[in-house]
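In my numbering, the protein residues as written are 14 to 248.
Where is the CB? At the ideal position from N, CA and C, for every residue including glycine.
Everything on this sheet refers to the single structure shown next.
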């Protein structure tokens, strides 16, 4: 990617993170009220998998792009360090901004996880050419299995968003709160009368709708094997 396009991506993605971190941009307190106490405060009382996964994943692309921007032939380690530190510094800037917004909470844990995400992206950039080859292989696989065109691409993007949303786990009983449940599944019901039928029906309809939606994206002749794989994944 040319350096100008890469820089444009970094700027746009940084704006995306700023909007997500500082929304709704109202109720700013005076700069004199800013304090760095959040950096040394104790961990938040409630920690969810949603927060940890989201805060880490959203900074991976930024760390990747920054490391790629700062790297030079023979000095790729310098690019990794610079990209990780730049991502951490940007997270510190946004958390400091949240300190001035009454509706947001500045968190040292969020900043740490954001920094880990930037470092992960920077380390992944060391294998940039391999990721390019993997991307081309993925495009060939997409062409063999799914219909061509923009609408099919949008549909696949929606499926990807649904998959990422499963990191939340909050709507499911016994899942989502790290300090309360550390096991992968909750205790199964002792009898049929203990099953939450509305919840069960909602999950059933979600998976059925997902399968019907995915079937519309497949090429003719790919339904049987793809739907069998989807059933296994859904289970």
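Residue i versus residue j - alpha carbon distance
{"i": "residue 82", "j": "residue 114", "result": "32 Å"}
{"i": "residue 79", "j": "residue 102", "result": "12 Å"}
{"i": "residue 60", "j": "residue 129", "result": "16 Å"}
{"i": "residue 205", "j": "residue 219", "result": "21 Å"}
{"i": "residue 64", "j": "residue 243", "result": "27 Å"}
{"i": "residue 189", "j": "residue 209", "result": "Low per-residue confidence applies at residue 189: pLDDT is 35, beneath 50, and the placement is therefore not dependable, though the value from the model is reported in the following sentence. Roughly 18 Å between the two C-alpha positions."}
{"i": "residue 99", "j": "residue 92", "result": "10 Å"}
{"i": "residue 165", "j": "residue 152", "result": "13 Å"}
{"i": "residue 90", "j": "residue 223", "result": "43 Å"}
Residue j beta carbon less than 8 Å from that of residue i
{"i": "residue 159", "j": "residue 246", "result": "no"}
{"i": "residue 76", "j": "residue 139", "result": "no"}
{"i": "residue 228", "j": "residue 240", "result": "yes"}
{"i": "residue 127", "j": "residue 68", "result": "yes"}
{"i": "residue 36", "j": "residue 74", "result": "no"}
{"i": "residue 9", "j": "residue 104", "result": "Any answer about residue 9 is impossible in this case: the structure gives the chain only from 14 up to 248."}
{"i": "residue 30", "j": "residue 136", "result": "no"}
{"i": "residue 109", "j": "residue 119", "result": "yes"}
{"i": "residue 22", "j": "residue 112", "result": "no"}
{"i": "residue 33", "j": "residue 116", "result": "no"}
Cross-strand partners of residue i (DSSP beta bridge)
{"i": "residue 159", "result": "231"}
Any non-hydrogen atom of the ligand MN within 7 Å of residue i CB
{"i": "residue 64", "result": "The model on display carries no ligand, and the ligand MN is accordingly not part of it."}
- Which ranges does the alpha helix (DSSP H) cover as unbroken runs of at least 4 residues, wholly within the segment 48-134, from first to last along the chain? Listed in chain order, the complete alpha helix (DSSP H) runs (minimum 4 residues) inside the segment 48-134 are 62-70, 73-83 and 89-111.
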